Amino acid sequence: MKLPATARALPSLFKVGFAEAVAYRAEFLVWMFSTTMPLIMLALWCAVARDAPVERFGQKEFVAYFLATFIVRQLTGSWVAWEMNFEIRRGTLALRLLRPIHPMLTFAVQNLSAQPLRLVVALPMAAIWLGSVGAGQLSRDPVLWIAFGAAMLGSWLVTFLTSFAIGCLAFFMESSIKIMEAWLTLFFVFSGYIIPVELFPPAVRVVGDWLPFRYQIGLPVELMTAAHDRQAALALLGGQWVWVSVMLGGAILLWRRGLERFAAYGG
Amino acid sequence: MISVGDLSKYYQVHKRPPGLKAAVRSVFRRSYTTVKAVDGITFDIRPGERVGFLGPNGAGKTTTLKVLAGLLHPTSGDVRVDGHVPRRREHVFLKKIMLVTGQKQQLLWDLPPAETFELNRAIYDVPNAEFRETIAELTELLELGDLVTKPTRQLSLGERMKCELAASLIHRPKVLFMDEPTIGLDVSMQAVIRTFIKRYNELRGATILLTSHYMDDVAALCPRVIVIDKGRLSYNGGLDALVRQVRPEKRVVLHLQSPVSPAALAPLGKVVAHDTAEAVLQVAQEAVNATVTRALATLPVQDLTVENAPLEEVMSELFARSRAARESEQEAALP
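Those protein sequences? They're chains S and V, same order as listed. Heads up, the first sequence is in this note's numbering, so the first residue is 1 and it goes up one at a time. Heads up, the second sequence is in this note's numbering, so the first residue is 1001 and it goes up one at a time.
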């Protein structure tokens, strides 16, 4: 059976995407080291838990949680909203539109092609994480590990699709970067990036459970640190993939509507 | 191959006077004006034709090309390219066309052009054998040599344009939209690009619609031209016919053995240029023979040529006439 043309193009897209990521390796490393907020929060929360644990979190649990947060953030980040704003305003999006492949896919591949470079930072951090947690503390349930894999993919998809949808808003306004920054503010609060979701007051936690942010960081981190049993994990995973579907639908709708307004300025 | 029927493309443009007060006011009340970039143009282009699409800045040329390439959705009108509606951007349509612009490039900036070629091979799903054949052909025609292995950022503008053209033709498009392909290039590189475009058209039978402000491009490549101004069609036909229609007079260029006085030239026709070695006369077409005979008999002429008026002058006269016609139309519409 012959693969569709788009699927046949993927290896080359990944190859070129990786070559580009390597060409911009210096900027890339600077960006990666600018996402060290979890390490700062790790120090802060460890100090808080020095005398007594905070709920179930002692110092060791905080170390495991925030190292996992750092790794998840490294592997699931996306900057597509900034790229789209630039390309829509400058008209260079036209070059993607001329090609017989959906620009959403080319943006996604560009993002994923940088994963090997991200692993350069994430893998040593994972080794440190494993050392701090201890292999004995890891879940023995293979379903939870499969759920973790699915949650990582879901986390990247929610993050990428949200960023893509916000990027599409640049078709309708002069720039949607401020909206992305507002989203990031909420993300920092509700995703578990700076405070584990478990430590929220109950009312805030209920609100947070209905929002997509927890599924961007909190869920994979919680699964990585064996915070849930199988039933709870699968229920949360279901919630995450509902958000993946919502964001995909929203991104496609905004893309189609936005494209009708594309002015392709700049020659 | 290309059919455009009553095409219009309007933009809503936000207008704000300068200054802080206006900036604050615009937060609460934004005013928009409608700009008619393209205003009801109709034309057809046959397969394999090379057509110049001309007009002053802001005439609507690039907008029209972008509509034809599927980048912009028209406000109204019917557009077909090889039977496809461009705005639908079907993959089968995108594989048949390419828009080459002198101001924007698809080459990956920090990687050698060869990487972009390979990427386009994959995206356009070009079979390996055909890809190798096309690359060999383009390398020869454009004299690419080892340019394709140097990072794009290290190439000169002309070298980049040659590689840009090669990248655009990997999938052998049947329709080529070219927006100022020679802009900013030196004279010899312009000639290389022109020759290449013509050869590609002859080799592949591709239909070419080209915009350029360099009339040499148009004269060398386009037997037919379509002229638009302020979004409206002002001419559609042969280039020679356009010249005859706008500037029916001929230019008689006299290369002189020794200087002659203006008084000696005046009886022959209108003196357009004159120095010690050369004089240019503008004469009615039917008077060319008499003028040439008289010049040879009365002046120290070493050599002589008869030419059409320069295309630049023809175009500026055409644009001036369209402007005047528009202004009188507007005046007539006033109460």
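Beta carbons: idealized from backbone N, C-alpha and C, even for Gly. Every value quoted in this text rests on a predicted model; they were computed, and no experiment measured them.
Residue i - containing beta strand (DSSP E), residue span
i: residue 1034 (chain V); result: 1031-1045
i: residue 225 (chain S); result: Taken as a continuous stretch (DSSP letters only), residue 225 (chain S) belongs to no beta strand (DSSP E), as it is neither H nor E.
i: residue 24 (chain S); result: First-last for residue 24 (chain S): undefined, no H or E at that position.
i: residue 1308 (chain V); result: 1301-1308
i: residue 1282 (chain V); result: 1278-1283
i: residue 209 (chain S); result: From DSSP, residue 209 (chain S) is part of no beta strand (DSSP E) but of the alpha helix (DSSP H) over 202-210.
i: residue 263 (chain S); result: It is not in any beta strand (DSSP E) - residue 263 (chain S) carries neither H nor E in the DSSP assignment.
i: residue 1255 (chain V); result: 1250-1256
i: residue 1005 (chain V); result: 1002-1015
i: residue 1274 (chain V); result: 1270-1274
i: residue 1052 (chain V); result: 1050-1054
i: residue 1080 (chain V); result: 1076-1081
Of the residues the options, the one placed nearest residue i, counting alpha carbons only
i: residue 1199 (chain V); options: V:1303, V:1154 and V:1142; result: V:1142
i: residue 1201 (chain V); options: V:1172, V:1240, V:1191 and V:1226; result: V:1172
i: residue 1261 (chain V); options: V:1286, V:1288, V:1078 and V:1299; result: V:1299
i: residue 248 (chain S); options: S:213, S:185, S:161 and S:195; result: S:161
i: residue 1296 (chain V); options: V:1117, V:1216, V:1256 and V:1330; result: V:1256
i: residue 194 (chain S); options: S:27, S:21, S:206 and S:36; result: S:36
i: residue 1237 (chain V); options: V:1031, V:1010 and V:1044; result: V:1044
i: residue 1241 (chain V); options: V:1225, V:1066, V:1054 and V:1323; result: V:1225
i: residue 241 (chain S); options: S:118, S:200, S:150 and S:25; result: S:150
i: residue 270 (chain S); options: V:1021, V:1119 and V:1085; result: Since the first residue of chain S shown is 1 and the last is 267, residue 270 (chain S) is not available in this structure.
i: residue 1015 (chain V); options: V:1136, V:1025, V:1160 and V:1032; result: V:1032
i: residue 163 (chain S); options: S:200, S:122 and S:254; result: S:254
i: residue 1287 (chain V); options: V:1270, V:1138, V:1303 and V:1277; result: V:1270
i: residue 1203 (chain V); options: V:1086, V:1138 and V:1290; result: V:1138
i: residue 227 (chain S); options: S:81, S:197 and S:114; result: S:197
i: residue 1214 (chain V); options: V:1187, V:1066, V:1205 and V:1146; result: V:1187
Contact set for residue i: own chain, Cβ-Cβ below 7 Å, skip 5 residues either direction
i: residue 148 (chain S); result: 220, 223 and 224
i: residue 126 (chain S); result: 71
i: residue 258 (chain S); result: 168, 171 and 172
i: residue 1294 (chain V); result: 1268
i: residue 1319 (chain V); result: 1056 and 1229
i: residue 1150 (chain V); result: 1112
Cβ shell of residue i (< 6 Å), same chain only, five flanking positions each side left out
i: residue 204 (chain S); result: none
i: residue 267 (chain S); result: Caution is warranted here: a pLDDT of 47 is assigned to residue 267 (chain S), below 50, making its placement in the model unreliable, and no coordinate value can be reported.
i: residue 1060 (chain V); result: 1037, 1038, 1228 and 1231
i: residue 1098 (chain V); result: 1168, 1173 and 1176
i: residue 76 (chain S); result: 155, 156 and 159
i: residue 110 (chain S); result: 17
i: residue 1305 (chain V); result: 1253
Where the alpha helix (DSSP H) through residue i begins and ends
i: residue 158 (chain S); result: 142-168
i: residue 1114 (chain V); result: 1113-1123
i: residue 1290 (chain V); result: 1288-1298
i: residue 1068 (chain V); result: 1061-1068
i: residue 1237 (chain V); result: Here residue 1237 (chain V) belongs to no alpha helix (DSSP H); instead the beta strand (DSSP E) covers 1232-1238.
i: residue 185 (chain S); result: 177-190
i: residue 1101 (chain V); result: From DSSP, residue 1101 (chain V) is part of no alpha helix (DSSP H) but of the beta strand (DSSP E) over 1097-1101.
i: residue 128 (chain S); result: 115-133
i: residue 1177 (chain V); result: Counting along the chain, residue 1177 (chain V) falls outside any alpha helix (DSSP H), though it belongs to the beta strand (DSSP E) covering 1175-1179.
i: residue 1162 (chain V); result: 1157-1168
i: residue 1325 (chain V); result: 1311-1333
i: residue 1131 (chain V); result: 1128-1142
i: residue 1092 (chain V); result: 1091-1094
i: residue 1264 (chain V); result: 1262-1265
CB-CB length for residue i against residue j, believed under 8 Å
i: residue 1148 (chain V); j: residue 1181 (chain V); result: With 8 Å as the limit, residue 1148 (chain V) and residue 1181 (chain V) do not qualify as a contact, their Cβ atoms being about 19 Å apart.
i: residue 1046 (chain V); j: residue 1222 (chain V); result: Incorrect: roughly 13 Å between the Cβ atoms, too far for contact.
i: residue 1100 (chain V); j: residue 1165 (chain V); result: 6 Å
i: residue 217 (chain S); j: residue 69 (chain S); result: 6 Å
i: residue 1307 (chain V); j: residue 1285 (chain V); result: That belief does not hold up - the Cβ atoms of residue 1307 (chain V) and residue 1285 (chain V) are roughly 12 Å apart, past 8 Å.
i: residue 1292 (chain V); j: residue 1253 (chain V); result: About 11 Å; that fails the 8 Å criterion.
i: residue 48 (chain S); j: residue 54 (chain S); result: 6 Å
i: residue 32 (chain S); j: residue 74 (chain S); result: 6 Å
i: residue 1161 (chain V); j: residue 1210 (chain V); result: Not a contact, Cβ separation roughly 14 Å.
Own chain, CB closer than 8 Å to residue i, minus 5 neighbours either side, in chain order
i: residue 997 (chain V); result: With chain V represented from 1001 up to 1335, any question about residue 997 (chain V) goes unanswered, as that position is not in the structure.
i: residue 1272 (chain V); result: 1251, 1280, 1281 and 1282
i: residue 1134 (chain V); result: 1126, 1169, 1170 and 1172
i: residue 93 (chain S); result: 84, 87, 103, 262 and 264
i: residue 1243 (chain V); result: 1308, 1309, 1311 and 1314
i: residue 1090 (chain V); result: 1084
i: residue 183 (chain S); result: 162 and 166
Can you list the beta strand (DSSP E) stretches of 3 or more residues lying completely in the region 1187-1243 of chain V, in chain order? 1207-1211, 1224-1229 and 1232-1238
To test your reading of the DSSP string, which unbroken alpha helix (DSSP H) runs of 4 or more residues are found completely within the region 20-102 of chain S? 25-33, 37-48, 59-76, 80-90 and 93-97
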